[in-house]
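First residue of the sequence shown: 1, per full-length UniProt numbering; consecutive thereafter. We treat Cβ as the ideally placed atom computed from N, Cα and C, and that holds for glycine. All remarks here apply to the structure that follows.
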Amino acid sequence: EKYLNPQKLKQHVLRSEKLRSILEHYAKESGTPLKQMERQARAIIDEIGLDRNMAIIRWCGIAITAIGKRICDGFYVNSASMANVRKDMGKCPVLYLPSHRSYMDFILMSYICYYYDIEIPGIAAGMDFHSMFGMGTMLRKTGAFFMRRSFSNDELYWDIFREYMYALVANYHIGVEFFIEGTRSRNFKALVPKIGLLSMALLPYFTGEVPDVMIVPVSVAYERVLEEQLFVYELLGVPKPKESTKGFFKALKIIDERFGKMFLDFGEPISVKEFLGHDSAQRMQRAGVGGHLQKLNRQEVELVKQLANEIIYQQQRRIVISTFNLLSLYYASQLYAQRSVTLDELARGVLHLKRIFEQLGAHVSTTPSSIKADVIDAVEIHSNILHFATGRLQFTPMAAKQLAEQIDVKRLKAHALCPQTMAVAVPMLALQLYINPCMFWLARPAYLLLAALKEQKNQQKQSTDISYDASLCALHAHVTTMDALFQHEFIIESNREAAEFETHLQLLLDERVVEVETSGRINVQDNECSHVILAALAPFLCLYYQLVVTLRKIPLELEFSNKELLVRVQQHVEQLLQQPGASASHVHPYCLALDNLNIAIYALIQRGYLVKSRDSGQMKIASTPGKCLRELETQLLEYCQLMPFAQYSTAANQQAQFHIAKL
Numbered sequence: 001e002k003y004l005n006p007q008k009l010k011q012h013v014l015r016s017e018k019l020r021s022i023l024e025h026y027a028k029e030s031g032t033p034l035k036q037m038e039r040q041a042r043a044i045i046d047e048i049g050l051d052r053n054m055a056i057i058r059w060c061g062i063a064i065t066a067i068g069k070r071i072c073d074g075f076y077v078n079s080a081s082m083a084n085v086r087k088d089m090g091k092c093p094v095l096y097l098p099s100h101r102s103y104m105d106f107i108l109m110s111y112i113c114y115y116y117d118i119e120i121p122g123i124a125a126g127m128d129f130h131s132m133f134g135m136g137t138m139l140r141k142t143g144a145f146f147m148r149r150s151f152s153n154d155e156l157y158w159d160i161f162r163e164y165m166y167a168l169v170a171n172y173h174i175g176v177e178f179f180i181e182g183t184r185s186r187n188f189k190a191l192v193p194k195i196g197l198l199s200m201a202l203l204p205y206f207t208g209e210v211p212d213v214m215i216v217p218v219s220v221a222y223e224r225v226l227e228e229q230l231f232v233y234e235l236l237g238v239p240k241p242k243e244s245t246k247g248f249f250k251a252l253k254i255i256d257e258r259f260g261k262m263f264l265d266f267g268e269p270i271s272v273k274e275f276l277g278h279d280s281a282q283r284m285q286r287a288g289v290g291g292h293l294q295k296l297n298r299q300e301v302e303l304v305k306q307l308a309n310e311i312i313y314q315q316q317r318r319i320v321i322s323t324f325n326l327l328s329l330y331y332a333s334q335l336y337a338q339r340s341v342t343l344d345e346l347a348r349g350v351l352h353l354k355r356i357f358e359q360l361g362a363h364v365s366t367t368p369s370s371i372k373a374d375v376i377d378a379v380e381i382h383s384n385i386l387h388f389a390t391g392r393l394q395f396t397p398m399a400a401k402q403l404a405e406q407i408d409v410k411r412l413k414a415h416a417l418c419p420q421t422m423a424v425a426v427p428m429l430a431l432q433l434y435i436n437p438c439m440f441w442l443a444r445p446a447y448l449l450l451a452a453l454k455e456q457k458n459q460q461k462q463s464t465d466i467s468y469d470a471s472l473c474a475l476h477a478h479v480t481t482m483d484a485l486f487q488h489e490f491i492i493e494s495n496r497e498a499a500e501f502e503t504h505l506q507l508l509l510d511e512r513v514v515e516v517e518t519s520g521r522i523n524v525q526d527n528e529c530s531h532v533i534l535a536a537l538a539p540f541l542c543l544y545y546q547l548v549v550t551l552r553k554i555p556l557e558l559e560f561s562n563k564e565l566l567v568r569v570q571q572h573v574e575q576l577l578q579q580p581g582a583s584a585s586h587v588h589p590y591c592l593a594l595d596n597l598n599i600a601i602y603a604l605i606q607r608g609y610l611v612k613s614r615d616s617g618q619m620k621i622a623s624t625p626g627k628c629l630r631e632l633e634t635q636l637l638e639y640c641q642l643m644p645f646a647q648y649s650t651a652a653n654q655q656a657q658f659h660i661a662k663l
């Protein structure tokens, strides 16, 4: 009886002074009897509230163990980081914030907590799971509490959910788990953090009810993600299937496939009190304020945003880079240079990349002593994407006819892509998904390398030397410009830019990619390391360039919706991919990916190149001085032209088209 159980937690919320004042406020405002408001509140809390049944938890554990042994090569946990988290538990409430790449994330998290004898946290889950027959009840009894995807204009629901979240953090004895990205990242990159739930979870701290909150960033990585094929299709516009119990059992056919290793690492716990350095007197003033009046001020919102960015940063730092991540990165760089790759070359290239990533601070799972066996195993696990033929690695071809049977192009969210385009795009996008986790480490080195290439080109036009410091300042300015352009693409903001600039410059110097003479002259070498780093950034440059090219064709006075713009871009890219000379147009199948196009569109809105109406959602090209799309197009084209590939980024498309022709 020392702790509240789930039912007593609900009663605690219903009987609280704060909820009482909320209900009185809405009863008075709407003219509804207080008793009726209380019944509504009870129904909402019953819809939201978690439950716990140890028998169901144990049976789920047995089922996960059985399925895991069938499809996985093991769950790998950093036991040292787990011990580090355990030693600080019990002093204050704990928030577990995992990265989100798969539905497997919360299952794996609960399983590992149970294994290490840590209370399974209360898990925020969407209402789409609640409506699944049988599954909703099972998830609730294993610790899930449910929230609507959108609270719309239902202010009562919003306030009751906030009070329940408040009690869960301040008065319940278990940790709380939610995904700060809000949804699964279908492109395996970190998404811009959503601060709504985090702000709610921190209210007990801001009101002084708890002395501190401990946040544990959790990094979950997969050698092969269970929803891989589904994500690729969704990126190309195939509608997401509705969650259902029937769909769940249908998905169990995956037990006949291999998914390799799964990795889980707990980051260094973050003390909210230490991170925010918040004024305790101001916190105490909030304590008696009703929930419907509780709001964070502008300064506190900015602090929460900084905290959210730090959580995303720490999640990415500890995500394990697998052999297939490195293999995909190396293979893509060779494709762009139109080189085929043998097993020996792959093994050597992967080991070289392992050294580079470890120098940057990444955790890499590759074992040097068994590198060839690791490479062969990684290719076998991903045989749906790549395979060895006549001793060389190549794409596993997809038949356009097969895709036409699987996908109803009329239901695609944007442009109705033809099966031939889909057959080219699917394997390329699948490969890119496994390159994307590397971008946390390679985005800024790529910016720096492009800056060095640009400065080298500028200096070749000048006869006079400049100082060493001036060259470094010029490089730093270029990196800052690209950081601003891609700030929503790669979530790497952390106030560590100066130190990281030095680290990345040292890497390029060590790899003999860049040389900065004492006279200030910059020399860039065209070698394997430079190819890999630039190849990693190439698809993103292509995507932003093709988006801007498409926008430039739209009349300035014309308004258009987000979907209309997506259709225009996909039509434009599809036409380029079908042309024999597509390589000269700087195009890549990744330019068809809807999630990434939406991120790029959002970035252009935030940067002021596009204006979006809050009421209608319609967009138009901005006429603001200094926000000229032509200048942005020129800038992106210049970066694209600095890429040293013989035929830019479409060699892979041509190889895929060759296989389609054979089929």
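Work out the CA separation of residue j and residue i for me, nearest whole Å.
i: I44; j: A80; result: 41 Å
i: L235; j: I71; result: 25 Å
i: R607; j: M482; result: 12 Å
i: N153; j: L9; result: 26 Å
i: A281; j: T207; result: In this prediction, A281 has a pLDDT of 49, which is less than 50 and means its spatial position is unreliable; what the coordinates show is noted afterwards. For A281 and T207, the distance between alpha carbons rounds to 10 Å.
i: I319; j: L442; result: 14 Å
i: V210; j: Y103; result: 31 Å
i: C418; j: Q406; result: 13 Å
i: V216; j: A362; result: 19 Å
i: G136; j: E564; result: 37 Å
i: N653; j: H588; result: With a pLDDT of 47 at N653, under the threshold of 50, the predicted position of this residue should be treated as unreliable, and no value is reported.
i: N5; j: G68; result: 31 Å
i: H659; j: Y434; result: Legend: pLDDT at H659 = 41, less than 50; position of this residue unreliable, no value from coordinates given.
i: L610; j: A452; result: 30 Å
i: R149; j: R101; result: 18 Å
i: P193; j: S365; result: 27 Å
i: Q459; j: D344; result: 39 Å
i: E82; j: G520; result: Note that residue 82 corresponds to Met in the displayed sequence, not to Glu. Each residue's alpha carbon lies about 48 Å from the other.
i: E489; j: K612; result: 19 Å
Around the C-beta of residue i, are 16 or more other C-beta atoms found within 10 angstroms, so that it is buried, or is it exposed?
i: C542; result: buried
i: A66; result: exposed
i: P93; result: buried
i: I492; result: buried
i: S328; result: buried
i: L50; result: buried
i: K354; result: buried
i: I321; result: buried
i: D615; result: exposed
i: P241; result: exposed
i: A498; result: exposed
i: R15; result: exposed
Please identify the residue among the options whose C-alpha is closest to the C-alpha of residue i.
i: I385; options: F560, A399 and P555; result: A399
i: L576; options: N596, E515, T421 and L566; result: T421
i: E223; options: S150, L326 and R348; result: L326
i: Q338; options: H531, E243, Y115 and A389; result: H531
i: E119; options: L156, E638 and H173; result: H173
i: residue 670; options: H100, Y434, A470 and N562; result: In the structure displayed, the chain extends from 1 to 663; residue 670 sits before or after that span and is not available.
i: P644; options: L566, G617, L537 and L610; result: L537
i: M54; options: Q40, Y111 and M37; result: Y111
i: P555; options: S613, I522, S616 and K620; result: K620
i: A470; options: A484, T480, E455 and Q460; result: E455
i: E177; options: M135, G208, I160 and G126; result: G126
i: F440; options: N5, K189 and P217; result: K189
i: V301; options: S16, P204, S199 and R355; result: S199
i: E47; options: L97, Q635, Y164 and Y116; result: Y164
i: I22; options: R630, D159 and G520; result: D159
Could you check whether the Cβ of residue i sits closer than 8 Å to any Cβ belonging to chain C?
i: V532; result: The structure shown has no chain C; it contains just one protein chain.
Query raised in the report: Do the segment 442 to 462 and the segment 500 to 513 meet, that is, are 3 or more Cβ pairs less than 8 Å apart?
Result: yes
Query - Minimum length 4: unbroken alpha helix (DSSP H) runs contained in the segment 207 to 282 - result: 228 to 235, 245 to 251 and 272 to 276
Query - Length at least 4, wholly inside the segment 327 to 401: the alpha helix (DSSP H) runs in chain order - result: 343 to 360 and 371 to 381
Report task. Taking only runs that begin and end inside the segment 176 to 211, name each unbroken alpha helix (DSSP H) of 4 or more residues, in chain order. Result -> 196 to 206
Query raised in the report: Does the segment 561 to 571 come close enough to the segment 623 to 634 to have 3 or more Cβ pairs within less than 8 Å?
Result: no
Query raised in the report: Where in the segment 486 to 518 do unbroken runs of the beta strand (DSSP E), each at least 3 residues long, occur, reported from the N-terminal end onward?
Result: 514 to 516
Query raised in the report: Is the segment 52 to 63 touching the segment 247 to 259 in the sense that three or more CB pairs, one from each, lie closer than 8 Å?
Result: no
Query - 3-residue-minimum beta strand (DSSP E) runs that sit fully inside the segment 53 to 121, ordered along the chain - result: 74 to 77 and 94 to 98
Requested in this report: Decide if the segment 255 to 267 is in contact with the segment 213 to 230; the criterion is three or more beta carbon pairs, one per stretch, under 8 Å apart.
Outcome: yes
Requested in this report: Quick one: which unbroken alpha helix (DSSP H) runs of 4-plus residues sit fully inside the segment 601 to 625? Chain order, please.
Outcome: none
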